[in-house]
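One structure below.
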Amino acid sequence: MDTSTNVTRDITKIGMMESNETTINTTDTKPISTNTQVDGDEPKYLGKWESRKHFLSALNSHKLTLTLQDNTIVATSTITISNEFHALTDIGWYGSAYRLTTCSTQFFYGKLYEQFRVKWVLVLAVAILELGSVVSAAAPTSTAFIIGRAISGCGASGIVTGVFIAIAHAVPLHLRPIYNSTVGALECIASIVGPVIGGALTTYVSWRWCFWLNLPVGGFTIVVLIFFFKNSPNQKITEGSIASKLKQLNFLHLIVFSGSIVCLLLALERGGTIDSWSSGRIIALLVVSGVSFAVFVALETLRRESAVIPRSILTNKTVGLCVLYAFCASAAFNLTDYFLPLWFQAIKEVSAAKSGQMLLPSIISLSVAAISSGFILSAIGYYTPLMLLGSTMMGIGFGFLTSFTPNTGSSAWIGWQVMYGIGMGLAIPQPWSAIQTALAVEDIPAGMTAIAFAISTGAAIFISISQNIFTNLLRQGLSKIPDLDVDRIVKQGATNFLATVPMSERSLVIVVYNFAVTRTFWTCVAVVCLGVIAALVMDWNSVKQPVKDIDAEKEQGEKV
Numbered sequence: 001m002d003t004s005t006n007v008t009r010d011i012t013k014i015g016m017m018e019s020n021e022t023t024i025n026t027t028d029t030k031p032i033s034t035n036t037q038v039d040g041d042e043p044k045y046l047g048k049w050e051s052r053k054h055f056l057s058a059l060n061s062h063k064l065t066l067t068l069q070d071n072t073i074v075a076t077s078t079i080t081i082s083n084e085f086h087a088l089t090d091i092g093w094y095g096s097a098y099r100l101t102t103c104s105t106q107f108f109y110g111k112l113y114e115q116f117r118v119k120w121v122l123v124l125a126v127a128i129l130e131l132g133s134v135v136s137a138a139a140p141t142s143t144a145f146i147i148g149r150a151i152s153g154c155g156a157s158g159i160v161t162g163v164f165i166a167i168a169h170a171v172p173l174h175l176r177p178i179y180n181s182t183v184g185a186l187e188c189i190a191s192i193v194g195p196v197i198g199g200a201l202t203t204y205v206s207w208r209w210c211f212w213l214n215l216p217v218g219g220f221t222i223v224v225l226i227f228f229f230k231n232s233p234n235q236k237i238t239e240g241s242i243a244s245k246l247k248q249l250n251f252l253h254l255i256v257f258s259g260s261i262v263c264l265l266l267a268l269e270r271g272g273t274i275d276s277w278s279s280g281r282i283i284a285l286l287v288v289s290g291v292s293f294a295v296f297v298a299l300e301t302l303r304r305e306s307a308v309i310p311r312s313i314l315t316n317k318t319v320g321l322c323v324l325y326a327f328c329a330s331a332a333f334n335l336t337d338y339f340l341p342l343w344f345q346a347i348k349e350v351s352a353a354k355s356g357q358m359l360l361p362s363i364i365s366l367s368v369a370a371i372s373s374g375f376i377l378s379a380i381g382y383y384t385p386l387m388l389l390g391s392t393m394m395g396i397g398f399g400f401l402t403s404f405t406p407n408t409g410s411s412a413w414i415g416w417q418v419m420y421g422i423g424m425g426l427a428i429p430q431p432w433s434a435i436q437t438a439l440a441v442e443d444i445p446a447g448m449t450a451i452a453f454a455i456s457t458g459a460a461i462f463i464s465i466s467q468n469i470f471t472n473l474l475r476q477g478l479s480k481i482p483d484l485d486v487d488r489i490v491k492q493g494a495t496n497f498l499a500t501v502p503m504s505e506r507s508l509v510i511v512v513y514n515f516a517v518t519r520t521f522w523t524c525v526a527v528v529c530l531g532v533i534a535a536l537v538m539d540w541n542s543v544k545q546p547v548k549d550i551d552a553e554k555e556q557g558e559k560v
C-alpha cells in the first residue's frame, strides 16, 4: 500500500485505520471533513444495519442508564434522604458530588478514548456508574451515599463522551447530525423527566429504588455493549501494551486540572449560601483553584507532546466557539430545568409530579425540534443558521419567563415553553456536529471531550450562581415583611414554605418568592445572548462539503 493511500485513509476516516502517520503539505486552510473521498478510496464505515445496531447499542448505554441515574433524579428525593440519615446539612452534597466528579473526569476519559477501543471504555464507564448506584442504594449513612454519588458521576462522565465518539467512528459526517440530534433530544428529555421518576419512586416505593433499578438496566446495557456493539475499523488508537498506554494518560496533568475544577465548584456551591464570600474557606478554595489551573497550564505548555488538551484544540476558532456555545446552551437549559419546576411548585402550589406534567410543552417541542434539526442539518449542510435561530428563540422564550407573576395563566407558560423548547431543540445538538468539521481525525476525541466538559461545567457553575441569586433575593424580600422567620421559610423548600407563614402575609410572601425565582431567568437570557454572539462569528463550514486536510495548518500552529 503506497503512502498517499495511507494518507487518504487517515483523512477520510473518523476513527481511522491504524496506519503510518503522514503529513500533507497544503496551502488550503479549510477544516477537515471526514466524509471526504479521494482517489476512489472510501472510508470503511459500518453498513446501514450495522450502523443502526452500533448506534442503538451506544444509545442504550447512554440513555437507558442515564435516564435513571442522571443527577436530576434525586432532585425530588433529597429531603426524604436527608431525613432518613438525619443529615439536613448534607443536602447540597447529594447533587454536587455527582457534578464535581462528572466535570473533573471529562478529560481523563478523553485520553482513554484515544488509547483504547470505544467498546471497552464504555463498558468500564457503565460498570463504574453501576458501582456508584449500588453504593448509593445500600448506603447506611449520608457519607456513604455521597461517596456513591461521586462514583456514579465518574461513570456518567465517560458515557456521555463515548456515545458521540462512537457515532463519529461509525457514521459518515453528513449523516451524523441525525444521530447526534436524537441523542441530544433524549438527553434533554431525561434530565427533565428525571425528577418525575425520582419523585414517583420516592413517594410510592423508596428513594433507594432510584438506584436499585439501575442494576438490571446497567447489566442489560453491558451485555448489549459486549455482544452487539461493534468497534468501528475507522478508530485509530495508539499501539502498545496496556502499561505504555496508561503512561500516556498524563495522570499528573489530569489530577492538577481536576483539583482546580473541584475547588472552583466547591467555592461556587458554598459561597453565599453555606459560607460568606469573604470567609477564609471560600477564599482558600478560589486561590487553590487559580493556582492549580496555573500549574496545569504550565505543565501543558512545557509538555506539548503529551498535553491533555492538544494545541490544535486550543488554537482552533471553530472549536473554541463551539465549546462556548455548548457552555451557554447547557447553562440556560439546566437553569430552566431547575427553576421552572420550582416556580410551578412554589407559586402555582402543585406537587412535584404535577410540575413534571406542566413541563410537557417544553419536553415535546424540544424533542420534535431536536430530532428535526438533525435531518435539516443533513439536508442543508450548514449548522450556523440553526445555532442562530435556536439561540434567538431561546432568548425570547426565557425573556418572557421573567415576566411571570402569580396570576400568569396556562396560555402564557405553555406558549413560552414551546418557544424556548423549539430553540433548545435546534441549538443544543449543533456543537457536536459542528466541531467535527474543524478537527483533524486524531483530535476528535479531545474535541468531543471539550464539548462534554463545557456542557457539564456550564450547568454546574450557573446553577450555583443562580441559586445564590435566588437565595439572596428571597432573603432580602422576606426580611422586609415584619414578623417572619426568614431562615425557617427558606429551609422549608418550595412545597412547604407557606405552612409557616400567617394567612395575612401569604400573598406578600408569594410575590417575593415569584420575584426571586423569575430573576434567575435573566441569567438564562444573558448566557443565551453570549451564545448568539458565538454563533454570529462562527465559520460557515458544511457537513456535506468535502474539504482538505488541516494537518499542515495544525503542524504550523504547533510551531507557534
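Going by the working numbering, the sequence shown wraps up at 560, each residue one higher than the last.
The C-beta atom is built at its ideal place from N, Cα and C for all residues, glycine as well.
query	result
Among the candidates Y94, L100, I489 and T449, whose CA atom is the shortest distance from the CA of L561?	Nothing in the structure corresponds to residue 561, since the chain is present only between 1 and 560.
For the 8 Å Cβ check, are there 3 or more pairs between the region 458-471 and the region 520-537?	yes
Between the region 444-456 and the region 157-173, are three or more C-beta pairs nearer than 8 Å?	yes
Is the beta carbon of I435 sitting closer than 8 Å to the one on G447?	yes
In its own chain, which residues sit with a C-beta less than 6 Å from the C-beta of F327, not counting the 5 before and 5 after it?	A454 and G458
Can you check which of these residues, F339, E84 and Y109, is closest to S142 by C-alpha distance?	E84
In the DSSP assignment, what residue or residues form a beta bridge with S542?	Y382
Name the residue from T471, H174 and A329 whose alpha carbon lies nearest to the alpha carbon of A379.	H174
By Cβ distance below 8 Å, which residues in the same chain neighbour L530 in space, the five residues on each side in sequence not counted?	L324 and C328
Hey, C322 and P445 are a contact pair by Cβ (cut 8 Å); roughly how many whole angstroms apart?	With a Cβ gap of about 15 Å, C322 and P445 do not count as contacting.
Would you list the residues sitting across from G271 in a DSSP beta bridge?	D275
Going by Cα to Cα distance, which pick from K111, S330, T336 and I313 is closest to F251?	K111
Near V123, what residues of its chain come up, given a Cβ to Cβ distance below 7 Å and the 5 sequence neighbours on each side ignored?	I222, L225 and I226
Measuring straight from C-alpha to C-alpha, what distance separates W540 and V532?	15 Å
Counting C-beta neighbours from all protein chains within 10 Å, is the total for V319 16 or more, i.e. buried, or is it exposed?	buried
Alpha carbons only, please: which of P140, E114 and A139 is nearest the one belonging to H169?	E114
What three-state label does DSSP hand Q248 in the structure shown?	coil
From T102 to V134, what does the alpha carbon distance come to, in whole angstroms?	18 Å
Can you tell me whether V163 is buried or exposed, with buried defined as 16 or more other CB within 10 angstroms of its CB?	buried
Using a Cβ-Cβ cut-off of 7 Å (strictly less than) and excluding sequence neighbours within five positions of W212, which residues of its own chain qualify?	A137
Quick check: what's the CA-CA separation for A127 versus I151?	10 Å
When the distance is taken between beta carbons, is E130 closer than 8 Å to L215?	yes
State the Cα-Cα distance for the pair G395 and S362, rounded to the nearest angstrom.	14 Å
Does the separation of the CB atoms of T500 and R488 fall below 8 Å?	yes
First and last residue of the alpha helix (DSSP H) that includes P431?	Q430 to A434
One question on the structure: do S258 and S355 come within less than 8 Å of each other, judged by their Cβ atoms?	no
Can you grab the Cα-Cα spacing for the pair A267 / I274, in whole Å?	10 Å
Put K111 into one of helix, strand or coil per three-state DSSP.	helix
Any idea if E300 is buried or exposed, counting beta-carbon neighbours within 10 angstroms, 16 or more meaning buried?	buried
What did DSSP end up calling S355 once you bin it into helix, strand or coil?	helix
Terminal residues of the continuous alpha helix (DSSP H) containing M419?	S410 to A427
Where does S403 fall in DSSP's three states?	coil
Please classify P140 as buried or exposed, where buried requires at least 16 neighbouring CB atoms within 10 angstroms.	exposed
Which residues bound the alpha helix (DSSP H) around N316?	Note, N316: premise wrong, no alpha helix (DSSP H); not H, not E.
Suppose contacts are defined by Cβ-Cβ distances below 8 Å. Is L426 in contact with W416 by that definition?	no
Quick one: give me the first and last residue of the alpha helix (DSSP H) that T141 is part of.	Counting along the chain, T141 falls outside any alpha helix (DSSP H), and DSSP gives it neither H nor E.
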